[in-house]
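Student: For the record, in the sequence shown the residue sitting at position 265 is 393 according to my numbering, with numbers rising by one throughout.
Cβ coordinates follow ideal geometry from the N, Cα and C atoms, glycine included.
Since the model is a prediction, treat every value here as computed from it, not as a measurement.
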Amino acid sequence: MSQLTTQPPIAAPAEEQHWTARHGKPIVFVILTMVAVGIYLAATLPIAVFPETNFPRIVVGVDNGVAPIDQMEVTVTRPIEEAVNSVPGLENLWSITSRGTAEIDLFFSWSVDMYRTLDLVNAAIARIQTTLPSTAKVNTTRSTFASFPIMGYSLTSDSVPQTQLWEMANYDLKPRLNRETGVSSIVVQGGQQPEFQVEPDPSKLIQTTTTIPNILDAIGRGNLIDSPGLIEMQHQLVLSLVSGQARTPDEISNIVVKQAPNGDVVHIGDLGKVSSSVMPVYTVVTANAKPAVLLNVFRQPDSNTVIVANAIHSQIDEIRKGLPKRIRLQPFYDQSEIVNASIQSVRDAILIGLVLASLIMVLFLRDWGTSLVAGLVIPATIGITFIALKALGQTFNLMTLGGLAAAVGLVIDDAIVVVENIVLHRDSGQSRAEAIRSAIREIRVPLIGSTLTPIVVFLPLISITGVTGVFFSALAVTVGVALLTSLALALTWTPTLSHYFLRRRRAGGRDREGAEDHGVPRWLFRPYERVLRFTLEHRLVLAVFAVALIGASYLCYKNTGSDLLPAMDEGGFVLDYVMPAGASLADTNKVLQRVERILLSTPEVESIARRTGLQLGLAAVTEANNGDISVKLKSNRKRSGDEVIADVRHKITQAEPVLDVEFPQLLQDMIGDLTSSPEPCVIKLFSEDENVLNQWAPRVGSAIKKIPGVVDVENGIENTISGPARVFTVDPGVTARAGFTPQEVELDT
């Protein structure tokens with residue numbers, strides 16, 4: 129009897145799953161954690177208009193009162209030029225010398241360490257400090273975007289004296305604003321600084337044999353606060369102070385100058401008149417055509433512009449509560465508005481891109497699950513990109529935010545390709561796991577190649593140096609990181625989510641022949657099929673059309689303008705102006721008052737702030753015949769900023785032909801000042817002979833004016849920096865017989 133044996137049936141091999149399915153939960157956890165970390169780090173990223181960088185430029189500014197230009201050049205400018213010429217890495221050296229001021233610009237290669245170079249420049253100047261005039265004040269500054277204010281406020285009143293506004297700005301508002309986190313400094317401009325004026329009577333000076341230096345010495349000795357040391361008093365160690373500080377004209381009048389031989393004491397009040405006065409000023413500062421004190425807020429280099437601005441706004445609101453109603457504190461410039469607008473634009477671009485991409489996915493794939501899978505790639509990519517931006521030392525600025533907005537379409541493209549291929553395999557009859565595995569294996573290499581292609585295009589932008597490199601390197605880094613992140617998510621995040629959200633194939637869902645093609649109605653393909661069939665049958669026509677298209681593209685390229693920054697409406701502009709050299713402050717002020725009326729009569733203008741004889745920036749050399757007006761436009765205006773500028777330019781040139789004006793945009797003006805190129809196009813003429821420069825500069829300027837589209841041409845000669853000076857030569861014999869010295873003559877003059 130035979131024994132029948134039965135073998136257990138061989139089990140079918142388990143369906144092989146893609147590794148993302150086996151590790152789905154860890155993948156989701158890791159990516160969600162990275163997104164959360166990225167969102168947290170995004171709140172710590174500095175926000176500014178431009179990428180943070182150290183321009184290879186150091187500005188040496190010198191203030192020496194009102195010393196004549198020839199003396200400044202010999203005793204200040206040339207010694208400093210010779211001292212700093214040995215600093216390693218120096219490529220170019222420029223200088224501008226005016227009455228009492230000088231600016232020496234040092235340009236270095238982009239590879240140098242600017243922090244170390246600044247120390248070397250300071251050390252070089254310190255070596256010759258003793259040879260410079262004792263009254264000269266030297267200041268060295270690195271060129272950064274933080275060298276310019278991010279906000280500006282004007283303090284005005286119709287009844288409060290300018291001296292009181294000046295004291296309020298310096299002793300109350302400035303300390304309160306300066307203590308906010310991220311604020312570097314508060315620069316106060318305008319107003320009148322109070323002082324006491326002593327007017328000696330010459331007859332009384334002769335009668336008492338007193339000189340002007342005697343009076344100055346008496347004020348210096350008597351008007352002081354000093355400490356002789358510590359003393360023991362009532363079993364305590366007490367700090368002793370000796371105060372002779374004068375706070376009123378009467379107290380100054382009581383200061384003793386000398387004691388006469390007959391024993392009488394001579395006071396300052398016995399020699400002349402003492403009264404309250406203000407320091408002489410050779411500048412004019414106004415806001416909305418009224419005398420004003422301006423407070424300019426500077427941020428620290430690594431601070432967040434928006435956070436600093438919000439803190440200043442809050443502090444200003446608190447300050448306004450305690451101000452009298454007759455004092456107005458109003459903004460005239462706010463850089464954070466541009467940054468906030470950029471952030472809102474990027475947010476809107478991301479949301480719009482997400483919505484449109486989801487709608488297209490739903491339209492073509494007819495599946496909300498696939499749309500959700502692809503759509504979630506955008507926020508995940510952006511969140512992880514924030515981590516890379518933080519690690520690379522980037523900030524939120526126009527270029528990085530613009531890079532994120534531009535990368536939205538490229539970012540979701542990888543996810544769409546993966547999801548569409550998974551759906552294709554699913555609809556061909558494969559199970560969900562098989563479809564994911566087959567789709568990833570099939571598209572992995574082409575997907576990597578297609579993603580690396582745009583990255584390779586952006587890669588050379590990272591190595592660009594100069595001002596262009598500052599902007600495009602930030603853009604290239606942002607786009608490159610976003611694309612690499614989207615590629616990684618497309619190969620991990622997308623198939624993982626497909627396991628959870630992708631529906632199984634519906635029976636008969638794609639069996640209607642001719643009705644749909646992968647979820648897309650056939651009628652959408654018919655126009656494309658007709659065009660494709662025509663081009664394949666008429667290749668010569670296609671070739672001619674392609675050549676014509678290339679030619680038209682070349683013509684458009686040749687006729688398209690170029691600029692570092694795109695044209696944008698910044699909500700305001702700067703009006704730089706120059707009167708003829710040597711024009712008095714009074715004459716310049718009269719002309720500018722008429723210009724202010726033109727600006728304030730323009731419906732789109734919200735507020736203006738004028739500086740005459742002053743400028744902001746890096747050791748700006750100015751005279752009483754030039755300055756600038758900061759114009760803030762209304763947000764709900766009908767005309768664009770360019771249209772307003774064109775209208776204002778026409779009115780001013782017609783009404784004030786003697787005034788040279790130009791209208792740089794706020795951000796472009798900032799970049800021009802940082803690079804010492806205040807104009808979009810600068811032509812430099814070099815010669816050892818000054819007469820040759822004086823002869824050819826006007827010719828070059830006249831030739832440039834004839835070029836269509838060119839406005840605001842300055843030849844550099846018609847408006848020289850320094851005005852006229854008058855020299856009084858002292859006769860030693862005459863002064864000696866009169867009992868005076870040249871120093872006393874200078875003080876009395």
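1) Thinking C-alpha only, which one of V810, S313, T624 and G679 is nearest L504?
2) Just grab the DSSP bridge partners of E219 for me.
3) Where does E308 land, buried or exposed, given buried means 16+ other C-beta within 10 angstroms?
4) Mapping the DSSP letters down to three states, classify Y682 as helix, strand or coil.
5) By Cβ distance below 7 Å, which residues in the same chain neighbour L169 in space, the five residues on each side in sequence not counted?
6) Evaluate contact between the region 452-462 and the region 551-561, counting only Cβ atoms and requiring at least three cross-stretch pairs below 8 Å.
7) Can you give me the C-alpha to C-alpha distance between E751 and E784, rounded to a whole angstrom?
8) Considering Cα atoms alone, identify which of N220, D247 and I835 is closest to L234.
9) Specify, as a first and last residue, the run of the beta strand (DSSP E) that M361 falls within.
10) Would you please state the rounded distance, in angstroms, between the beta carbons of R560 and H627? I believe it to be under 8 Å.
11) Closest to G699 by C-alpha separation, out of V409, R206, V873 and I736, would be which residue?
12) Can you tell which of G741, L683 and V723 has its C-alpha closest to the C-alpha of G710?
13) What are the boundary residues of the beta strand (DSSP E) that R427 is part of?
14) Which same chain residues, not among the five before or five after I512, have their C-beta less than 6 Å away from its C-beta?
15) From this set, G280, K449 and V607, which residue's C-alpha is nearest M527's C-alpha?
16) Out of curiosity, what's the CA-to-CA distance linking N753 and S262?
17) Does the contact criterion of 3 or more C-beta pairs under 8 Å hold for the region 720-740 versus the region 412-424?
18) Taking the continuous beta strand (DSSP E) assigned at N390, which residues delimit it?
19) Which one or two residues does DSSP pair with D704 in a beta bridge?
20) Kindly identify the DSSP beta-bridge partner or partners of N267.
21) Would you list, in sequence order, the uninterrupted alpha helix (DSSP H) runs of no fewer than 4 residues that lie entirely inside the region 457-499?
22) Could you check if S601 is buried or exposed, using at least 16 other CB atoms within 10 Å of its CB as the buried criterion?
23) In three-state terms, what does DSSP make of V315?
24) With respect to the alpha helix (DSSP H) encompassing P452, which residues constitute its N-terminal and C-terminal limits?
25) Name the one or two DSSP bridge partners that S735 has.
26) For E842 and R777, what's the separation of their Cα atoms in angstroms?
27) Quick one: using the 10 Å Cβ neighbour count with 16 as the cut-off for buried, is A671 buried or exposed?
28) What's the C-alpha gap between T181 and L173?
29) Cβ of A176 within 8 Å of Cβ of F276?
30) Helix, strand or coil for S285? Go by DSSP, reduced to three states.
31) Given a threshold of 16 other Cβ atoms within 10 Å of its Cβ, counted over all protein chains shown, does L160 qualify as buried or as exposed?
32) My output table needs one value for T863: the three-state DSSP class, helix, strand or coil.
33) For a test of the three-state rule: what should DSSP assign to T857, helix, strand or coil?
34) By the 10 Å Cβ neighbour count, where 16 or more other Cβ atoms means buried, how is S758 classified, buried or exposed?
35) Rounded to whole angstroms, how far is the Cβ of A508 from the Cβ of W621, which I believe are closer than 8 Å?
36) Using a threshold of 8 Å, state whether the C-beta atoms of V772 and E818 are closer than that.
Tutor: Once the coordinates are examined:
1) For L504, the nearest C-alpha among the options comes from T624.
2) None; E219 has no bridge partner.
3) It is buried - the Cβ of E308 has at least 16 other Cβ atoms within 10 Å.
4) Three-state DSSP puts Y682 in a helix.
5) F514, I515 and K518
6) As far as the Cβ criterion goes, the region 452-462 does not touch the region 551-561, which means the pair count is below three.
7) 19 Å
8) N220
9) I353 to M361
10) 7 Å
11) I736
12) That would be G741, whose Cα lies nearest to the Cα of G710.
13) K418 to R427
14) M162, G166 and T613
15) When each option's Cα is compared against that of M527, the closest is V607.
16) 28 Å
17) yes
18) Element bounds for N390: n/a, residue is neither H nor E.
19) D756 and E790
20) G189
21) 464-493
22) Counting every other CB atom within 10 Å of its CB across the protein chains shown gives S601 a total of 16 or more, marking it as buried.
23) V315 falls in the strand class under three-state DSSP.
24) In the DSSP annotation of this structure, P452 is not part of any alpha helix (DSSP H), being labelled neither H nor E.
25) K760
26) 16 Å
27) A residue is called buried when at least 16 other Cβ atoms come within 10 angstroms of its Cβ; A671 does not meet this threshold and is exposed.
28) 15 Å
29) no
30) strand
31) exposed
32) helix
33) Annotated three-state conformation of T857 is coil, per DSSP.
34) buried
35) 6 Å
36) no
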